[in-house]
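K.L.:
Submitted below is the structure of interest, expressed as structure tokens.
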Amino acid sequence: MRITVTVDGIEYADDVEPRQLLVHYLRDKLGKVGTVVGCDTSNCGSCTVHLDGHSVKSCSVLAVQAHGSEVTTIEGLARDGKLHPVQQAFHDNHALQCGFCTPGMIMQSIDLLADNPDPDEAAVRHGLEGNLCRCTGYQNIVKAVRDAAHQMRPGAGPEVERVDEPHVSRTKSQISGGER
Amino acid sequence: MIPAAFDYVAPTTVDSAVRALAEAGDEAKVIAGGQSLLPVLRMRLAAPTKLIDLGRIPEMRGVRDGGDHLVIGAMTTHYDVQRDPLVAEHAELIKLATDTVADPQVRHRGTFGGSLAHADPAGDLLAPALALDARFIVSGMDGRRTVSAADFFVDFFTTALHQAEILVEVHVPKHTGWTAHYEKFQRVAQAWSIVGVAATVRAEAGKIAEARIALTNMASVPIRATAVEDALIGKQATAENIKSAAEHAAEGTSPTTDGNADPAYRQHLARVLTSRALTAAAGV
Ligand code: FES
Ligand code: FES
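Protein chains in written order, with full-length UniProt numbering: chain G, 1 to 180; chain R, 1 to 284.
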């Protein structure tokens, strides 16, 4: 089946088998290996991407279901060599150890912040309930998300994903996490 | 894990979806949000030869006011149900139960009608639909028919839907001014409910005027806790009255045993969770 999908700002047209999962299309066909498969049972959330602006587990979506849609992966977040504020906050707060859960954690965190720009600790934990981490114990992940919320104020929203226009205005110091 | 091969169609109207389903026969399967079906296909617990995707049928999405009831399109996502002002005002029980379904990613894809038609006894939306006396509008080759919630759920993963029928929308009688709570017990955040309790009440001058309570995963289908309802009506909304009414929650039930719980434990949970759900619903 022929599908047309925009992934990280670039439009692709491909023939896919109906049974192909979106995550396999992204990884095997487009080489977007930043999106990983952790469990294959819809539990871990490591395969989280945004489909038309909302987080989904790409192991639980067929590529054909994404026809005509816009997909954003972890690889589409950085701008001009600068990390997305949530990526930067994970880096600054040591919110990863092995890093396997990180792409999904970051994509879900951005989704969470679009819905709730200033979540308290409970809201962060609740918002990340579909993402599992086997290393960090979550402490620093929660810290990073709240730090990112602080850096991105006011509001992250889907704007940060728009590739054709400059997104949320951020100052240099916010992007780099302060003067160093 | 990769599903077995299948053909795929994505019709854009209910009528063409019904026709596609009728033509494809027994080996076809309808896919709504796919959040239950795709894991099953990946594990090859099922291998339909054809998938009929309802995801591109606009008439099946959204919530509208039907007068004395709400009309919830079967393909309305959990995420949209959670945020719908009509649902919050007239069927708060459904909103609160939907808030507890799976996780945010799944709620973005999963649908109200998909969950109901899947009829997993541990699914969280079956009991609220039963408690509120929802009516299920199903479409087949001979047109539409209406099935009551009490008749819709037949057995484990089995509904009154015939092979070539599709659940199109659900009519939920308005329960405006009723307060509600959905209380569930699960092992970890994403796990299925071991037992869940959907409760909604209408109070008048401190007394419970009406109560509707239904239980999740206490049988192969959702069941009403009518003995609790009867014990509550006309009583003051106090902690003692709620506790003694909730003692009836497991009456007449014969829940199953699985890796999580045996029948006695599930019955214990039903009583405890009913008490908690009513306490929260009645604001005691
Ligand atoms: S790989 Fe998709 S949820 Fe784990
Ligand atoms: S950092 Fe290793 S799984 Fe999260």
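A virtual CB, placed ideally from N, CA and C, is assigned to each residue, including glycine.
What are the boundary residues of the alpha helix (DSSP H) that includes L38/R?
P.N.:
L37 to R42
K.L.:
Does ligand 2 have even one heavy atom less than 7 Å from the beta-carbon of F90/G?
P.N.:
no
K.L.:
Would you kindly work out how many angstroms separate the C-alpha atoms of R79/G and Q88/G, rounded to a whole number?
P.N.:
Between the alpha carbons of R79/G and Q88/G lies a gap of roughly 12 Å.
K.L.:
Following a CB-centred definition, is R42/R positioned closer than 7 Å to any heavy atom of ligand 2?
P.N.:
no
K.L.:
Assuming A95/G and N140/G make a contact with CB atoms under 8 Å, what is their CB distance in whole Å?
P.N.:
4 Å
K.L.:
Can you name, in chain order, every residue of its own chain whose Cβ lies under 6 Å from the Cβ of G130/G, other than the five neighbours on each side?
P.N.:
G45
K.L.:
If the cut is a Cβ gap below 7 Å, which residues of chain G does residue 294/R touch?
P.N.:
Residue 294/R cannot be examined here, being either before or after the span of chain R that is shown, 1 to 284.
K.L.:
CB of G99/G to nearest heavy atom of ligand 2: below 7 Å?
P.N.:
yes
K.L.:
Who's in the neighbourhood of ligand 1, going by beta-carbon under 6 Å from any heavy atom, listed in chain order?
P.N.:
V37/G, G38/G, C39/G, D40/G, S42/G, N43/G, C44/G, G45/G, S46/G, C47/G, K57/G and C59/G
K.L.:
8 Å is my cut-off, CB to CB: does H108/R come that close to chain G?
P.N.:
yes
K.L.:
List the whole-angstrom C-beta distance separating A134/R from V172/R, where the pair is believed to meet the contact cut-off of C-beta under 8 Å.
P.N.:
Confirmed, Cβ separation roughly 5 Å.
K.L.:
Near L112/G, which residues of its chain fall below 6 Å by C-beta distance, leaving aside the five closest residues on each side in sequence?
P.N.:
Cβ-Cβ distances below 6 Å link L112/G to G127 in the same chain, with the five nearest sequence neighbours on each side left out; the list follows chain order.
K.L.:
Which class does D53/R belong to by DSSP, given the choice of helix, strand or coil?
P.N.:
Three-state result, D53/R: strand.
K.L.:
Less than 7 Å separating the Cβ of L96/G from some heavy atom of ligand 2?
P.N.:
If you check the C-beta of L96/G against ligand 2, you find a heavy atom less than 7 Å away.
K.L.:
What residues from chain R crowd round S46/G, counting only those whose CB sits closer than 9 Å?
P.N.:
Neighbours of S46/G on chain R: none; closest Cβ ~11 Å, over 9 Å.
K.L.:
For S152/R, is the classification buried or exposed, using 16 other Cβ atoms within 10 angstroms of its Cβ as the cut-off for buried?
P.N.:
According to the sequence shown, residue 152/R is Phe rather than Ser. Result: buried.
K.L.:
Looking at V5/G: is its Cβ nearer than 8 Å to the Cβ of V71/G?
P.N.:
If you check the CB distance, V5/G and V71/G come in under 8 Å.
K.L.:
What are the residues in the region 31-45 of chain R lying within 7 Å of chain G by C-beta distance?
P.N.:
G34, Q35, L38, P39 and R42
K.L.:
According to DSSP, which residues form a beta bridge with D155/R?
P.N.:
T158/R
K.L.:
What I want to know is whether the C-beta of T102/G ends up closer than 7 Å to one or more non-hydrogen atoms of ligand 2.
P.N.:
yes
K.L.:
From L167/R to S139/R, what does the alpha carbon distance come to, in whole angstroms?
P.N.:
6 Å
K.L.:
Any C-beta of chain R within less than 9 Å: which residues of the region 23-43 of chain G qualify?
P.N.:
Cβ contacts with chain R come from H24, D40, T41, S42 and N43.
K.L.:
Evaluate the contact criterion for the region 45-61 of chain R versus the region 188-201 of chain R: three or more CB pairs, one atom per stretch, below 8 Å.
P.N.:
no
K.L.:
Just to confirm, does R134/G get its C-beta within under 7 Å of one of the non-hydrogen atoms of ligand 2?
P.N.:
Yes, the Cβ of R134/G comes within 7 Å of a heavy atom of ligand 2.
K.L.:
If you follow the alpha helix (DSSP H) that D111/G is part of, which residue opens it and which one closes it?
P.N.:
T102 to D115
K.L.:
Assuming E183/R is part of the beta strand (DSSP E), what are its boundary residues?
P.N.:
T179 to F185
K.L.:
Quick one: measure Cβ to Cβ for M107/G and T41/G, integer angstroms, because I've assumed they're closer than 8 Å.
P.N.:
About 19 Å separates the beta carbon of M107/G from that of T41/G, a gap too long to meet the 8 Å contact definition.
K.L.:
So S81/G contacts chain R; which residues on that side make the cut at Cβ distance below 8 Å?
P.N.:
First, the amino acid is wrong: residue 81/G is Gly here, not Ser. Under the 8 Å cutoff, chain R gives no residues; its nearest Cβ is about 29 Å from G81/G.
K.L.:
Output yes if chain R places a C-beta closer than 8 Å to the C-beta of D111/G; else output no.
P.N.:
So yes, D111/G belongs to the interface.
K.L.:
Pick from H91/G, Y138/G, R153/G and V142/G: whose alpha carbon is nearest that of A114/G?
P.N.:
R153/G
K.L.:
Could you pull out every residue in the same chain whose Cβ sits closer than 6 Å to the Cβ of E251/R, ignoring the five residues on either side in sequence?
P.N.:
So the qualifying residues of the chain are A227.
K.L.:
Applying the criterion that 16 or more other CB atoms from any shown protein chain within 10 Å of the CB defines a buried residue, is P85/G buried or exposed?
P.N.:
Buried, by the Cβ-count rule.
K.L.:
Express the C-alpha separation of Q97/G and A150/R in angstroms, rounding to a whole number.
P.N.:
Going from the Cα of A150/R to the Cα of Q97/G covers about 51 Å.
K.L.:
Between which two residues does the alpha helix (DSSP H) containing L21/R stretch?
P.N.:
V14 to A24
K.L.:
With a 10 Å radius around its C-beta and 16 neighbouring C-beta atoms as the bar for buried, classify I10/G as buried or exposed.
P.N.:
exposed
K.L.:
From Y265/R to V197/R, what distance separates their C-alpha atoms?
P.N.:
15 Å
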